[in-house]
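For reference, the structure discussed in these notes is given below.
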């Protein structure tokens, strides 16, 4: 139970800091008390969000001071979640008070992250500042991405399932050339397993394995070149005929990407089988970008791909209603944080960093970014299914081997009973407990 629900009579000058005399922290005597306190914290969080939606900032700040005193980035999963959502609401309030015409806030900066993070010691803060003193966070994000890939099944589930869909679709390709357009290649972690599978399945032992060409899209040309070099070295070790091409996308320049794809269609190599990989990419299109996503999918269709793979969050973070979006985000991240708590120790530095720097950034984006600047615009599978069919794509069922492979992934690397897999609408879903979190589907 919460020890007190009365806030200090003196208001805080900065909503992102704790009040001078905060209410006492949670006092938990049993697991049932812990469950009750968690429920109460979430209820207060929704009430605070409701006040924010009504621009009743004084009432919201009073509740947020209580939530701040009774949550922590070092507590249980609920306390950590409430801590991040409370800070996001505080930042939203500050920005809206500075600019009443702004719906919410856009940018996650080092200063905001520092001021909205509770540090239990000067050492923690010093380590945080050391890691974030460089304004170019691409190297840090690469590190967080690797941790996310190692510590959770979310990324690897999408990669392995999409790979198997590509392998299934090109099984009759024989020794022909395969060209993969990867719309967000990042560090290229998805492709070594597929390259190895291609090298092993040559139809003629006396002939070279099929050739592979990957066009990798990304924002950082240096990072793309590094990815290409790594993949090239790996392909050479397999004896695989391999080419890597870069396609640089200026930040959120989807129109520029559209032009590049059309040029790619004009330069297609005869006899080459094309696969388009949209893993954690399509959510970048806003709900209001109906024309843009239509043009984009039409451009993809013009490539005449053998297969189009899609992996996305099973969530609705693009709702125009702030309260609907907030409730959906809380529901989604409750499951994410519960899964982290079940699989990682509470003192895990990697867990804390992922929660604060990766998922915390996503939460801030959903809660506090302006509509036109939000990057987390996830939509549920049923919405994507409708969109894909509208533009002429046909759903290709995910195969049974992909399901078995995903089960093996969970059993070997993430042995927790909380994760579950489900076949639905020819697609494969990964969830925690009863909450689907990610899906993979394929189209042609």
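Numbering (the numbering used here), first residue to last: 1295 to 1738. Ideal Cβ placement from N, Cα and C applies to all residues, glycine included.
{"Check": "Among 1722, 1691, 1706, nearest to residue 1756 - alpha-carbon criterion", "Outcome": "The requested residue 1756 is not part of the displayed model; the chain covers only 1295 to 1738."}
{"Check": "8 Å contact criterion, which residue 1456 and residue 1571 should meet: CB distance rounded", "Outcome": "6 Å"}
{"Check": "Selection from 1725, 1386, 1459 that minimises the alpha carbon distance to residue 1348", "Outcome": "1386"}
{"Check": "Rounded C-alpha distance that separates residue 1479 from residue 1512", "Outcome": "6 Å"}
{"Check": "Three-state secondary structure assigned by DSSP to residue 1714", "Outcome": "strand"}
{"Check": "Residues sharing a beta bridge with residue 1689, DSSP", "Outcome": "1737"}
{"Check": "Simplified DSSP state of residue 1606, which is helix, strand or coil", "Outcome": "strand"}
{"Check": "Residue ranges of each beta strand (DSSP E) within the segment 1491–1573, 3 or longer", "Outcome": "1506–1512, 1536–1542, 1567–1573"}
{"Check": "N- and C-terminal bounds of the beta strand (DSSP E) containing residue 1652", "Outcome": "Segment: none, residue 1652 is in no beta strand (DSSP E) and carries neither H nor E."}
{"Check": "Helix, strand or coil at residue 1479 [DSSP, three-state]", "Outcome": "coil"}
{"Check": "Where the beta strand (DSSP E) containing residue 1721 begins and where it ends", "Outcome": "1721–1726"}
{"Check": "As assigned by DSSP and simplified to three states, the class of residue 1611", "Outcome": "coil"}
{"Check": "Per DSSP, the bridge partner or partners of residue 1729", "Outcome": "1726"}
{"Check": "Residue 1531 versus residue 1707: straight-line alpha-carbon distance, rounded", "Outcome": "26 Å"}
{"Check": "Bridge partners - residue 1377, DSSP secondary structure assignment", "Outcome": "DSSP output for residue 1377 lists no bridge partner at all."}
{"Check": "Which listed residue (1603, 1619, 1667) has its alpha carbon closest to that of residue 1610", "Outcome": "1619"}
{"Check": "Close Cβ partners of residue 1556 (< 6 Å) along its chain, the five nearest in sequence each way excluded", "Outcome": "1593"}
{"Check": "Best match in 1616, 1638, 1712, 1684 for proximity to residue 1346 [C-alpha to C-alpha]", "Outcome": "1616"}
{"Check": "Inter-residue spacing [alpha-carbon to alpha-carbon] between residue 1672 and residue 1634", "Outcome": "21 Å"}
{"Check": "Cβ-based burial, residue 1562 [other Cβ within 10 Å; buried from 16]", "Outcome": "exposed"}
{"Check": "6 Å CB neighbourhood of residue 1551 in its chain, flanking five on each side removed", "Outcome": "1543"}
{"Check": "Among 1483, 1460, 1368, the one whose alpha carbon lies nearest that of residue 1473", "Outcome": "1460"}
{"Check": "Length of the line joining the Cα atoms of residue 1344 and residue 1441", "Outcome": "34 Å"}
{"Check": "CB contact flag (residue 1374, residue 1624, <8 Å)", "Outcome": "no"}
{"Check": "For residue 1672, three-class secondary structure by DSSP", "Outcome": "coil"}
{"Check": "Candidates 1621, 1470, 1605, 1518, of which the one nearest residue 1450 by Cα", "Outcome": "1605"}
{"Check": "Beta-carbon proximity list for residue 1669, same chain, < 7 Å, skipping 5 on both sides", "Outcome": "1578, 1659"}
{"Check": "Collapsed DSSP secondary structure at residue 1597 in the structure displayed", "Outcome": "coil"}
{"Check": "Residues bridged to residue 1474 (per DSSP)", "Outcome": "1508, 1569"}
{"Check": "Residue 1370 - containing alpha helix (DSSP H), residue span", "Outcome": "Element bounds for residue 1370: n/a, residue is neither H nor E."}
{"Check": "Reduced DSSP secondary structure (H/G/I, E/B, other) of residue 1638", "Outcome": "coil"}
{"Check": "Reduced DSSP secondary structure (H/G/I, E/B, other) of residue 1348", "Outcome": "coil"}
{"Check": "Minimum C-alpha distance to residue 1740 - residue among 1603, 1332, 1486, 1331", "Outcome": "Absent from the model: residue 1740. The displayed extent of the chain is 1295 to 1738, so no value can be given."}
{"Check": "Local Cβ density within 10 Å of residue 1585, reported as buried at 16 or more and exposed below that", "Outcome": "exposed"}
{"Check": "Environment of residue 1732 [buried if 16+ CB atoms lie within 10 Å]", "Outcome": "buried"}
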